[in-house]
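This report refers to the structure that appears directly beneath it.
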Amino acid sequence: MQVSFATALRKHTLFADCTQIELARLLAGTVQCEFAAGAEIFQAGASATYYYYIMSGEVALNAEDDTWHRCADETFGSEAFADNARYLRTARAATPLVALRITRTALLTLAAHHPTMQSTALVDLAAHMGKVTVHERPRIKIERTAQLPMKQRIGWVATLLLPPVTYLTSTHNGLPQHSAIYLALLTMTAVMWLFAVVDEFVPPLIALVAMLFINLVPPQIALAGFYSPAFLLLMGVYAISAVLLSSGLVYRFMLWLLLKAPDRPFWHRTALTFFGMLLSIMVPSDSARLALMLPLYREMDNNIEAPAQSREATALMIATFMGATLFAPLLLTSKSAHLAAYTMLPTQVQLQFQGSHWLVAAAVVAIGLLACHMLAMRFLYSSGGETQALPRDRIAVQLKLLGPMDSGEWVALCAFLIFLLGAAFPQLHLSLTAWLAGFILISLLALGLFDRKAFLQNIDWPMLFFILSLDGLTRVIQYLGLGSLLVDAIGNKLDWIHGHLGWFILLTLAITVVTRLVLPLTAGMLLAMTMLLPIGIEQGIHPWVVMFLVSLFSDIWFFPHQMSTYTQAKNNGLQARCSESIFMRYIWWLNPLRVLLAFASIPYWNWLGLN
């Protein structure tokens, strides 16, 4: 039956030019409805949420003394194409009626790829209109924003006052002038983040330009992020993500996954989480992993049809977000900050903790985080009632409608597999993973699968500049030697630790959390690592344990400005589909769990000889 739906829709002029994947997605928002003769379908003035294609029968559209009849292979309800629209006529079945009902969301998603579709539908509506009373829309209240919100006003005042205070305090305490200037700029950046006075990628760019303008550090240091391999790596990953989505491969995989996996919300969430775990092995960026997972999340969210702001919809985003971020401390290659901090470790430790040795040493935390996350997904985020079954028959028809994989999908699959295998086994190509990502990027550009429009729209340029500018800020800290100055200032005030790992965990927690309150993840982790590594070595703590604890606790966050990945998720479905309060409660619940698992690892680390 669903195949006949696609055949019928293909005959309509609006959908004649749709591709197979577009028709498959349209079927996800299409159901067959039957109406008895005389049954009312919708009233004039009601919100236009559906568009109808008549399979058989006749409908009468009434407005005052004017009646408009539509029959088989015709449509009605074109008001659904308009913005914030209401039906202009009352629709009643003139005879027994069978029609396909298409959701407005599915229509507008399709129309976004066909610029003339919306105007064609509305012109068709206007051509058949007679004397119709247009129902007045609710008036939109325009809020005047002549004044900034109080939080932003306080933020701008703090931005102007606190950096000079930081500079004067630093010079008064004997810090060199260049270090005092940098701390003032860092204070400005932190205050602007804390009060959200501008978009989050702007403050570090301001700091970088200011340092270059006054020649505080060489350009090679301030712009180190843009010199680094991370630039090509992130662009390559965004390109692969875009091609996976545009080719239809992600949609095909999602349909196959929903069809083969048990039809339970828990299994949908588990699939997303373990996909993120797989990516964590090879993709050293939370943002890059989330960019690869979001297309799968969006397609799955559209098909399970969970109500917006519900626990089910929120749990699906939590599973996606945790898949991208939960396993970040557990592998050397899962964080770009790991790769930078790894060079600070003694050479012997670097040789010891390559590959699986890192995961083995982090086993207690890994098992604890995964077990608690799976239990939460199973028991804490169900509706408590009957869950809506997936339309498996429709999914099977959608998958059949896609047909065999085309050349674009094969190229996208090859690019994805080459990148994953190349990241896992760099000895295969004898170069950095970033250069492999750059090679895949230019290959996709040369083949025309990633065109100019996609290059502009599908690479998150603000996020890219945010990450790379943070890299530069972190390198300036090392260049100016601020970490060593801070350690020297502490002196012998930490003798109370006496080499006990439990006390050192508390010190690491305090320093890392305080640092992360004002700095994003990468900068906060590297600064804390710079401060704590010499302290840990002096106290007899294993260097890897120091690095792992800093990485684990740097994932503790309380406010949106602390986690750029949260902003990325918020812009891609979290705000529209999920309950932010439920999401943040889950994040806060994970924070003490990380601390408990760190203490639980002490006997295991002692057994491994990491003491």
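In our numbering, the protein residues as written are 486 to 1096.
Note that beta-carbon positions come from the ideal geometry of N, C-alpha and C, so glycine has one too.
Asked                                                                                                                       : Found
Local Cβ density within 10 Å of L701, reported as buried at 16 or more and exposed below that                               : buried
Length of the line joining the Cα atoms of A491 and L508                                                                    : 7 Å
Option nearest R774 by Cα separation, candidates Q1047, Y1051 and P876                                                      : Y1051
Contact belief for L512 with R863 at Cβ below 8 Å, rounded distance in angstroms                                            : No, L512 and R863 are not in contact; Cβ-Cβ is about 31 Å, not under 8 Å.
Cβ shell of L717 (< 6 Å), same chain only, five flanking positions each side left out                                       : A919, A922 and G923
With 16 other Cβ atoms within 10 Å as the buried cut-off, status of T799                                                    : buried
Beta-carbon contacts of S1086 that lie in its chain and below 7 Å, excluding the five residues immediately before and after : V849 and V850
Sequence-distant residues of the same chain with beta carbon closer than 8 Å to R629, five excluded per side                : For R629, the pLDDT reaches just 47, beneath the cut-off of 50, and the residue's location in the model is therefore unreliable, leaving the point undetermined.
Where the alpha helix (DSSP H) containing W1073 begins and where it ends                                                    : E1065 to A1085
Those residues which DSSP pairs with W553 across a bridge                                                                   : L546
Assigned exposure category for S969 - 16 Cβ within 10 Å defines buried                                                      : exposed
Length of the line joining the Cα atoms of P1088 and L1037                                                                  : 18 Å
Three-state secondary structure assigned by DSSP to T1099                                                                   : Because the chain in this structure spans residues 486 to 1096, residue 1099 falls outside the shown range and cannot be described.
Between the CA atoms of G523 and N547 - distance to the nearest angstrom                                                    : 12 Å
Reference S819, options D956, I766 and D609, closest by Cα                                                                  : I766
Option in T552, Q517 and I666 with minimal Cα separation from Y538                                                          : Q517
Selected residue, minimal CA-CA separation from D1040, among L668, A584, F806 and I1022                                     : F806
Reduced DSSP category for L779 - H, G, I as helix; E, B as strand; rest coil                                                : helix
Coarse secondary structure for S713, derived from DSSP in three states                                                      : coil
Cα-Cα separation, K885 to A897                                                                                              : 20 Å
Status (buried if at least 16 other CB within 10 Å, exposed otherwise) for W843                                             : buried
Backbone CA spacing between Q1047 and L854 [nearest angstrom]                                                               : 21 Å
For S655, three-class secondary structure by DSSP                                                                           : helix
Alpha carbon of G1025 to alpha carbon of P831, nearest angstrom                                                             : 14 Å
C-alpha distance - T498 paired with R574, whole-angstrom precision                                                          : 23 Å
C-beta contact flag for F686 and F1044 at 7 Å                                                                               : no
Proximal residues to V1080 (C-beta, below 7 Å), its chain only, five neighbours per side dropped                            : L994
Per-residue burial, P1028 [other beta carbons within 10 Å of its own, 16 or more giving buried]                             : buried
Residues of its chain near D609, where Cβ-Cβ distance is below 7 Å and the 5 sequence neighbours each way are ignored       : S563
G984, buried or exposed, once every other Cβ within 10 Å from all chains shown has been counted against 16                  : exposed
A822 versus V694: straight-line alpha-carbon distance, rounded                                                              : 23 Å
DSSP state of R624 mapped onto helix, strand, coil                                                                          : Reliability fails at R624, whose pLDDT of 47 lies under 50, so the model's placement of it is uncertain and no value is given.
Cβ-Cβ separation, E525 to R589 (assumed contact under 8 Å), whole Å                                                         : Between E525 and R589 the Cβ distance is about 19 Å, and since that is not below 8 Å, they are no contact.
Per DSSP, cross-strand counterpart(s) of Q517                                                                               : L585
Inter-residue Cα distance where the pair is T552 and A597                                                                   : 32 Å
Spatial neighbours of A809 in its chain, beta-carbon cut-off 6 Å, leaving aside the 5 residues before and after             : G761, D771, R774, L775 and M778
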